[in-house]
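S.K.: Handing you a structure now.
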Amino acid sequence: MTILVYTENREGRLIKAAFELISYAKEVAQKTNARVVALSIGDVNRDELMKTANYGATRVVTINDEKLSLMDNKRYISVVAEVAEKEQAEIILLPDNTTGKALTPGLSAKLKAGLVSGVASLPQSYDPFIVKKKVYSGKSIANVKILTDRKILTLPSNSFGVIEPESNGEPQIEEFTPDADMESKINLVSMNKVTDKILLSEAEIVVSGGRGMKGPENWGMIEELAGLLNAATACSRPVSDEGWRPHSEHVGQTGKVIAPNLYIACGISGAIQHVAGISSSKCIVAINKDDEAPIFDVADYGIVGDVQKVLPQLTQAIKAIKEA
Amino acid sequence: MKILVCISEVPDTTSKIKHINDNKELDKTGIQWIINPWDELSLTRAIELKETPGSKVESITVVHVGLQDSEPTIRKALAMGADNAIRIDAQPQDAYYVASQLAKTIASMDFDIILTGLDSADFNGSSVGGMLAQQLDMASISAVTALNLEGEKILVNRDVSGGTQTLEVQPPFLATVQKGIAIDPRIPAMRGIMMARSKPLEVLEATNEVTPLTEYVSYEVPPPREACRKFPEENAKELAHALHNEAKLI
Ligand SMILES: Cc1cc2nc3c(=O)[nH]c(=O)nc-3n(C[C@H](O)[C@H](O)[C@H](O)COP(=O)(O)OP(=O)(O)OC[C@H]3O[C@@H](n4cnc5c(N)ncnc54)[C@H](O)[C@@H]3O)c2cc1C
Numbered sequence: 001m002t003i004l005v006y007t008e009n010r011e012g013r014l015i016k017a018a019f020e021l022i023s024y025a026k027e028v029a030q031k032t033n034a035r036v037v038a039l040s041i042g043d044v045n046r047d048e049l050m051k052t053a054n055y056g057a058t059r060v061v062t063i064n065d066e067k068l069s070l071m072d073n074k075r076y077i078s079v080v081a082e083v084a085e086k087e088q089a090e091i092i093l094l095p096d097n098t099t100g101k102a103l104t105p106g107l108s109a110k111l112k113a114g115l116v117s118g119v120a121s122l123p124q125s126y127d128p129f130i131v132k133k134k135v136y137s138g139k140s141i142a143n144v145k146i147l148t149d150r151k152i153l154t155l156p157s158n159s160f161g162v163i164e165p166e167s168n169g170e171p172q173i174e175e176f177t178p179d180a181d182m183e184s185k186i187n188l189v190s191m192n193k194v195t196d197k198i199l200l201s202e203a204e205i206v207v208s209g210g211r212g213m214k215g216p217e218n219w220g221m222i223e224e225l226a227g228l229l230n231a232a233t234a235c236s237r238p239v240s241d242e243g244w245r246p247h248s249e250h251v252g253q254t255g256k257v258i259a260p261n262l263y264i265a266c267g268i269s270g271a272i273q274h275v276a277g278i279s280s281s282k283c284i285v286a287i288n289k290d291d292e293a294p295i296f297d298v299a300d301y302g303i304v305g306d307v308q309k310v311l312p313q314l315t316q317a318i319k320a321i322k323e324a
Numbered sequence: 325m326k327i328l329v330c331i332s333e334v335p336d337t338t339s340k341i342k343h344i345n346d347n348k349e350l351d352k353t354g355i356q357w358i359i360n361p362w363d364e365l366s367l368t369r370a371i372e373l374k375e376t377p378g379s380k381v382e383s384i385t386v387v388h389v390g391l392q393d394s395e396p397t398i399r400k401a402l403a404m405g406a407d408n409a410i411r412i413d414a415q416p417q418d419a420y421y422v423a424s425q426l427a428k429t430i431a432s433m434d435f436d437i438i439l440t441g442l443d444s445a446d447f448n449g450s451s452v453g454g455m456l457a458q459q460l461d462m463a464s465i466s467a468v469t470a471l472n473l474e475g476e477k478i479l480v481n482r483d484v485s486g487g488t489q490t491l492e493v494q495p496p497f498l499a500t501v502q503k504g505i506a507i508d509p510r511i512p513a514m515r516g517i518m519m520a521r522s523k524p525l526e527v528l529e530a531t532n533e534v535t536p537l538t539e540y541v542s543y544e545v546p547p548p549r550e551a552c553r554k555f556p557e558e559n560a561k562e563l564a565h566a567l568h569n570e571a572k573l574i
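Each protein sequence line maps, in turn, to chains U and X.
If you read the first sequence in my numbering, its first letter stands for residue 1, the second for the next number, and so on.
If you read the second sequence in my numbering, its first letter stands for residue 325, the second for the next number, and so on.
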């Protein structure tokens, strides 16, 4: 059996989610006697591809085609499907991020392979194949059975973790040229790269502000703490609706759903729709002046107090720890 | 230009979720059903585009796969400003089943832009749109945050891994949309609600040629989180130490 892992790169380097997916695949492979094949699309150098072996891949299929520089869903789906057929992959893993969301539904329909997105743990059983996923915005967990021989899963960032790498020799690397249909109906007009910032969907730590921050002029505090922790910044919905912060930072049921290791909520009441987007965080810290705020029901640690006073002190204290 | 908006019906966001029948089913008692928030935004944007002076948008159709009890939700979409509606009479089984029902119906129709939500507030699958585009052999653009008609051009913004892009797209195409495409959902006005009653709602028979690829076997309610450890206002330092020594996160 083969598990095919879509390893995504940014500027030629594999992203952390790629290693997380391979780690997951390795665990599944050990239980099912499978091999792990990594698929890489783009200009990724050999050393980088070699690293996949340390997490469990024994083979890498790499495609470097100018026509794939723009993410055209249809093209990409054809290419991934072609590789899946060629490698006879029975399980296909992608990250649960914009790339996974763009490709997996089409891939599922093309291959008639059952898709479960946002799987947070190893399969419950392999025959029948059952996985758990959150539904109703985190208010319930479903056991989903995949009825087809071929299966597609997406994994949220940070949910499974990366295993300790070990030297496993070199993977076999194949440079592949797909013959998939290369027509496209979309043209790139402009691109805005986010290179200097930690991406919210991938960040291990997120510092987030709500209406209790009072106004955009107070976000310096959030950014300072985020900078110190190598964290991404986020916000509640009213904050982005008011235009204090960009929509891309809005988390919650109608915004981004994230699962960082640490989520620091500053002046956020913790409405059910907000919590829906953050409830998978491993640790939640809340700063709120209202002792009764619902955010404390989901938080692991909290400070009851004025965020304008608390946040600078917290930043100072963390700085002291980092410098020690 | 004709726009199709696919709408799904989900429990109101504040609904308490419970399960019955050995945790195999959702307990529907007391649940308020609403238009999936993402779909509400896509419909809102379609209406905004149609209302723009000199707009090329001729009509907005909404389509929904569901049983008769979902008609109030469809009427709400008509009240918001859709021109006509189609209900495909079937109980949704999984995303693939819904997408296949939609594909069978839409294949013979003529739409320039099809909008679906990037996600749904029930099964959180992010799947129907992409599956539908694939079955219609249509271009699809995912995670769309803006849709603009500028002269002859159709421009969309989307999120991609590592940034955002503006694209020019040739119709027909399907977009799965998210927040940003519109900010606040359109609230139906009294006039709209009155007019919705007489707008056409066509009920089409489902095909029995499609089978689901997945099955929701059972549900469980997640365990509650442990109680929060609270520090007083002046003790930010202690919190920092707890995060460092106990949680080992910083
Ligand atoms: C269909 C639907 C979907 C929604 N989707 C989302 C979503 O995806 N994401 C989302 O966030 N919301 C969403 N909402 C909105 C949600 O219901 C809440 O209104 C919103 O999350 C509240 O944001 P907030 O916590 O920033 O503001 P508030 O609820 O106004 O809370 C502000 C908090 O700050 C505290 N505070 C004030 N001043 C201070 C101070 N000086 N120091 C410390 N604390 C202070 C207050 O005690 C209060 O708890 C949705 C709502 C609906 C109806």
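For each residue, glycine too, the CB sits at the ideal point set by N, CA and C.
1. Which one of U:M221, U:I295, U:D300, U:P246 has the shortest CA to CA distance from X:E570?
2. Is there a Cβ from chain U that is less than 7 angstroms from the Cβ of X:V389?
3. How would you write the range of the alpha helix (DSSP H) that X:V422 sits in, first residue to last?
4. Buried or exposed, going by whether 16 or more other CB atoms sit within 10 Å of the CB of U:D149?
5. List, in chain order, every chain X residue whose beta-carbon is nearer than 8 angstroms to that of U:F296.
6. Are the Cβ atoms of X:I412 and X:Q425 separated by less than 7 angstroms?
7. Determine whether the Cβ of X:V541 lies closer than 7 angstroms to any Cβ atom of chain U.
8. Pick helix, strand or coil for X:I511, following the three-state DSSP scheme.
9. Given a cut-off of 7 angstroms on the beta-carbon distance, is the pair U:F160 and U:E20 in contact?
10. Could you name the residues of the same chain whose beta carbon sits closer than 8 angstroms to that of U:G12, not counting the 5 residues immediately before and after it, in chain order?
11. Ligand 1 and U:R237: does the residue's C-beta get closer than 6 angstroms to at least one heavy atom of that ligand?
12. Under three-state DSSP, which class holds X:W357?
13. Does the beta carbon of X:T337 come closer than 7 angstroms to any beta carbon on chain U?
14. Report the residue from X:N448, X:K554, X:Q494, X:A427 whose alpha carbon sits nearest the alpha carbon of X:A530.
15. Kindly list, in the order they appear in chain C, the residues whose Cβ is closer than 9 angstroms to that of X:R549.
16. Just the C-alpha distance for X:A370 and X:D436, rounded to the nearest angstrom, thanks.
17. DSSP three-state call for U:V162: helix, strand or coil?
18. Applying a beta-carbon distance threshold of less than 9 angstroms, which residues of chain X neighbour U:D43?
19. Looking at chain U, which residues of the stretch 421-451 of chain X have a Cβ within less than 7 angstroms of any of its Cβ atoms?
20. Less than 6 angstroms separating the Cβ of X:H568 from some heavy atom of ligand 2?
21. Where do the N-terminal and C-terminal ends of the beta strand (DSSP E) with X:R288 fall, by residue?
22. Spatial neighbours of U:L262 within its chain, please: CB distance less than 6 angstroms, with the 5 preceding and 5 following residues excluded, ordered by chain position.
23. Give the interface partners of X:D483 over in chain U, defined as CB-CB distance under 8 angstroms, in chain order.
24. Could you have a look at U:P238 and say whether DSSP puts it in helix, strand or coil?
25. Rounded to whole angstroms, what's the CA-CA distance from U:V60 to X:C552? Just pull it up for me.
26. Compare the C-beta of X:G475 against all C-beta atoms of chain U and say whether one is closer than 7 angstroms.
27. Under a CB-based cut-off of 7 angstroms, is X:V519 close to chain U?
28. At a cut-off of 6 angstroms, would you count X:T397 as near ligand 1, judging by its Cβ distance to the nearest heavy atom?
29. Can you tell me whether X:S522 is buried or exposed, with buried defined as 16 or more other CB within 10 angstroms of its CB?
30. Applying the criterion that 16 or more other CB atoms from any shown protein chain within 10 Å of the CB defines a buried residue, is U:L122 buried or exposed?
31. Select from X:A401, X:S450, X:I344, X:F555 the residue whose C-alpha is nearest the C-alpha of X:I384.
32. Assuming contact is defined by CB atoms lying nearer than 7 angstroms, are X:S394 and X:E333 in contact in what I supplied?
33. Using 8 angstroms as the Cβ pair cut-off and three pairs as the minimum, do the stretch 131-151 of chain U and the stretch 167-174 of chain U touch?
34. Under 7 angstroms, do U:L200 and U:A232 count as touching if we go by C-beta distance?
35. Quick one, are the C-beta atoms of X:P281 and X:M462 less than 7 angstroms apart?
36. Count the other CB atoms, across all protein chains shown, that sit within 10 Å of the CB of X:N345; report buried if there are 16 or more and exposed otherwise.
M.R.: So, from the data block:
1. U:D300
2. no
3. 419-430
4. exposed
5. C552, K554
6. yes
7. By this cut-off, X:V541 is an interface position.
8. The DSSP-derived three-state label of X:I511 is coil.
9. For U:F160 and U:E20, yes; Cβs fall inside 7 angstroms.
10. G42, D43, V44, N45, E48
11. yes
12. strand
13. yes
14. X:A427
15. The question asks about chain C, but that chain is absent: this structure's protein chains are U and X.
16. 12 angstroms
17. The answer is coil: DSSP assigns U:V162 none of H, G, I, E or B.
18. Within 9 angstroms Cβ-Cβ: nothing; U:D43 doesn't reach chain X, min ~14 angstroms.
19. Listed by position, the residues of the stretch 421-451 of chain X near chain U (Cβ gap below 7 angstroms) are A423, L442, A445, D446, F447, N448, G449, S450, S451.
20. The ligand content of the structure shown is limited to ligand 1, which means ligand 2 is not among them.
21. Because chain X is modelled from 325 through 574, residue 288 of chain X falls outside the range shown and cannot be assessed.
22. I205, C283
23. T98, S248
24. helix
25. 45 angstroms
26. no
27. According to the sequence shown, residue 519 of chain X is Met rather than Val. It does not: the Cβ of X:M519 has no partner Cβ on chain U nearer than 7 angstroms.
28. no
29. exposed
30. exposed
31. X:A401
32. Yes, the Cβ-Cβ distance between X:S394 and X:E333 is below 7 angstroms.
33. no
34. yes
35. The question about residue 281 of chain X has no answer, for chain X in this structure spans 325 to 574.
36. exposed
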